[in-house]
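In my numbering, each residue's number is its place in the sequence shown (first place is 1) plus 46.
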Amino acid sequence: MATVRSNEYRWYAIYTRSRAEKKVNTELTLTGIETYLPLRKTIRQWSDRKKMVEAPLFNSYVFVKVSEKEYLKVLNTDGVTRFITFEGLAVAIPEVQINAIKAYLEEPEPIEETDDPLKMEPGQNIIVTRGPMKGLMGILITIQGKNKVKVEIEAIGHTLMITIPPKNIEIVGNTIL
């Protein structure tokens, strides 16, 4: 991942106050900054009812596409606490990762059934070889029958657990953590 050093427009992750993602997203959009707030549909349950709501995929994160000149404009937005950094510099997120998140949320891949036995074990390092998350690396967490595996993908300083078909991943090396 690249760090902030130019006037090029790049994607960055910003950290917001708890439950302020939608407000921050709206505020930044109104100031002319391109944003992306990945939302997923989930069922929330209260004592008297259940309701389908759109919740952030990454709690307290919003993505912004800005140049270094707009860095302070973003930080001065109410609800923004900081950019995600490495060694003091904001970390640029490759466009391919943003597109992978968008694709994953727009078109979850259908599960194809197979009778082939899985030759993998939890704890192995994997790379996603097909589908919207192609190219991302992670760790195999659980095997859910012959047709689904749960993997942990570390991106933007946040862990994302996804369930995907085993045909979409390859084991990287023989290491089991």
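Just so you know, even glycine gets a beta-carbon here, dropped at the ideal spot from N, CA and C.
For I60, the enclosing beta strand (DSSP E) begins and ends at R56 to T62. Excluding residues up to 5 positions away in sequence, nothing lies with its Cβ nearer than 8 Å to the Cβ of N122 in the same chain. Going by beta carbons, M183 and I172 fall inside the 8 Å limit. DSSP places E67 outside any beta strand (DSSP E); the residue lies instead in the alpha helix (DSSP H), whose first and last residues are E67 to L76. Short of 7 Å from the beta carbon of K115, and not among the five residues preceding or following it, lie these beta carbons of its own chain, in chain order: N53. Non-local beta-carbon contacts of Y107 in its own chain, meaning distances under 6 Å to residues more than five positions away in sequence, involve A59 in chain order.
Between the alpha carbons of V174 and I215 lies a gap of roughly 4 Å.
DSSP places P102 in the strand class (E or B) of the three-state scheme.
In the pairwise beta carbon analysis, the region 131-139 is classified as touching the region 56-72: at least three pairs are separated by under 8 Å.
Looking at the DSSP output, K96 bridges to Q91.
In this structure, L74 sits away from P102, with a CB-CB distance that is not shorter than 8 Å.
No Cβ-Cβ contact shorter than 8 Å links M166 with I130. The DSSP-derived three-state label of I79 is coil.
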